[in-house]
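Protein chains: 2
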Amino acid sequence: MNNYGDEILKLSNQICFPLYATGKEIVRRYQPYLEKYDLTYTQYIVLMVLWEKDHVSVKEIGSHLYLDSGTLTPLLNKLIKKGYIRKEKAPRDERELIISLTKEGEELKKEIIEVPPKIAKKVKLNQEEAKMLYTLLYKVLDGFKEDE
Amino acid sequence: MNNYGDEILKLSNQICFPLYATGKEIVRRYQPYLEKYDLTYTQYIVLMVLWEKDHVSVKEIGSHLYLDSGTLTPLLNKLIKKGYIRKEKAPRDERELIISLTKEGEELKKEIIEVPPKIAKKVKLNQEEAKMLYTLLYKVLDGFKEDE
DNA sequence: AATAATTAAATTGCATGCAATCTAATTTTA
DNA sequence: TAAAATTAGATTGCATGCAATTTAATTATT
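These protein sequence lines are chains A and B, in that order. Per the working numbering, residue 11 is the first one in the first sequence, and the count goes up by one each step. Per the working numbering, residue 11 is the first one in the second sequence, and the count goes up by one each step.
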């Protein structure tokens, strides 16, 4: 038989593994560069959210990063202990925790911009390919979002 | 001010973040379908390797899946406990462990083919897009391999 | 207003995932 | 061939990542 549907099915199936593997490799490749700042990849992307928009709730961080409180709560506590962020209850809604950058957390941004280019160099895609990959990945992510 | 550095650090400008996020989502989406077979995603892909080629070493499984012994050793022990695989020392080289499917492990293959189509349906890409994504992901993975 | 439903974050428990180190077996080399 | 180097797996320790549950605060309902 091997019709059109079968082909898509096979390909989609084959796509899951490289997605999983590449995601994992990204984290692994970042680690040595972040070590210098005593950060893990996940801690780094939490800070990226805050550098873009400070004073956000745990919920909002989670929805940007596809992470839940089970992951974020202990991770945020570690970032507090490292002195990069601070948390306080939202005055309007005491269920919410507002996360903010400390001065140290803000300063870190200036130093850490040296890191992404180093990883970029290892991702051997030209600009066009990178753009295509970016588009396709968000298509998958958005498609997932649809059916939940 | 919004200078060059700011742009670099924006989540939306990074190819790494969607790679990380999509990989994570893949695992998460698989989980509910694999639960029925008492398998996790990682255990499932280990079995996939074996379904394709039985009697392989831990090392070989790891190189296919980008996993090391620190991950595989306990995971393989769980699969043994579940009765899907078995391990024995390689007679030629006693450092090597040869992993093989049990009858139960082989049979599982026939049932589990129902799972990938369910995930495939959630990955909302057409054939051309899927093919492109596949190519780009392996380009990234192969590029990583180069510089190690 | 009192109760029910919902929501944000914390907690618990389990399964990775990986760096670093260790042990035993095999190869290389001096 | 004896010592050194390498290699395959196991172990340890730490950091996610997520489902499920709990707790506290807020909102919706009656």
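For each residue, glycine too, the CB sits at the ideal point set by N, CA and C.
Using a CB distance cut-off of 8 Å, B:Ile71 does not count as an interface residue toward chain A.
Residue-level contact by beta carbon holds for A:Glu35 and chain B, with a gap shorter than 8 Å. DSSP, read as helix, strand or coil, puts B:Val37 in helix. Residues Tyr51 of the same chain have their beta carbon placed closer than 7 Å to that of B:Val37, with the five preceding and five following residues left out of the count.
For B:Thr32, the residues of chain A that pass the 7 Å Cβ criterion are Leu29, Gly33, Leu147, Val150 and Leu151, in the order they occur in the chain. Within chain B, no C-beta atom comes nearer than 9 Å to that of A:Asp64; the closest sits roughly 13 Å away. Taking a cut-off of 8 Å for Cβ pairs, the region 129-137 of chain B and the region 147-157 of chain A touch, as three or more such pairs fall below it. Per DSSP, reduced to three states, the secondary structure at B:Val56 is helical.
Sequence-distant partners of B:Leu60 (beyond 5 residues in either direction) whose C-beta falls short of 6 Å from its own C-beta, in its chain, are Leu111. Here B:Lys97 is near B:Ile108, since their CB atoms are less than 8 Å apart.
The Cβ of B:Tyr76 sits closer than 8 Å to at least one Cβ of chain A.
Minimum Cα-Cα distance from B:Thr83 among the listed residues B:Tyr94, B:Lys69 and B:Glu117 corresponds to B:Lys69. Per the C-alpha coordinates, the member of B:Pro126, B:Glu156, B:Leu143 and B:Thr32 positioned closest to A:Leu77 is B:Thr32.
Linking A:Gln53 to A:Lys128 through their CA atoms gives a straight-line distance of about 18 Å. A:Ile55 has its alpha-carbon roughly 13 Å from the corresponding atom of A:Leu118. Pairing A:Glu104 with A:Glu116, the inter-Cα distance amounts to about 26 Å.
Residues of chain A whose Cβ lies closer than 7 Å to the Cβ of B:Val133 are, in chain order, Ser22, Ile25, Val150 and Gly153.
In this structure, A:Glu106 lies near A:Ser67, with their beta-carbon atoms less than 8 Å apart. Between B:Ile123 and A:Tyr144, the gap from beta carbon to beta carbon reaches 8 Å or more.
The Cβ atoms of A:Asn23 and B:Pro42 do not sit closer than 8 Å to each other. For A:Glu116, no chain B residue has a Cβ inside 8 Å of its Cβ, as the nearest lies near 12 Å away. Against chain B, a Cβ distance below 7 Å from A:Ala140 picks out Ile25. Judged by DSSP in its simplified three-state form, B:Lys46 adopts coil rather than helix or strand. Under the criterion of beta carbons closer than 8 Å, B:Tyr94 and B:Glu114 qualify as touching, at roughly 6 Å. Within the same chain, Cβ atoms closer than 7 Å to the Cβ of A:Leu89 are found at Gln53, Val56 and Ile95, the five residues on either side in sequence being excluded. For A:Asp157, the closest Cβ of chain B is nearer than 8 Å. In the DSSP assignment, B:Lys149 falls within the unbroken alpha helix (DSSP H) covering Gln137 to Glu156.
Taking B:Asp48 as the centre and dropping the five residues before and after it, the same chain places the C-beta of Lys92 closer than 7 Å to its C-beta, in chain order.
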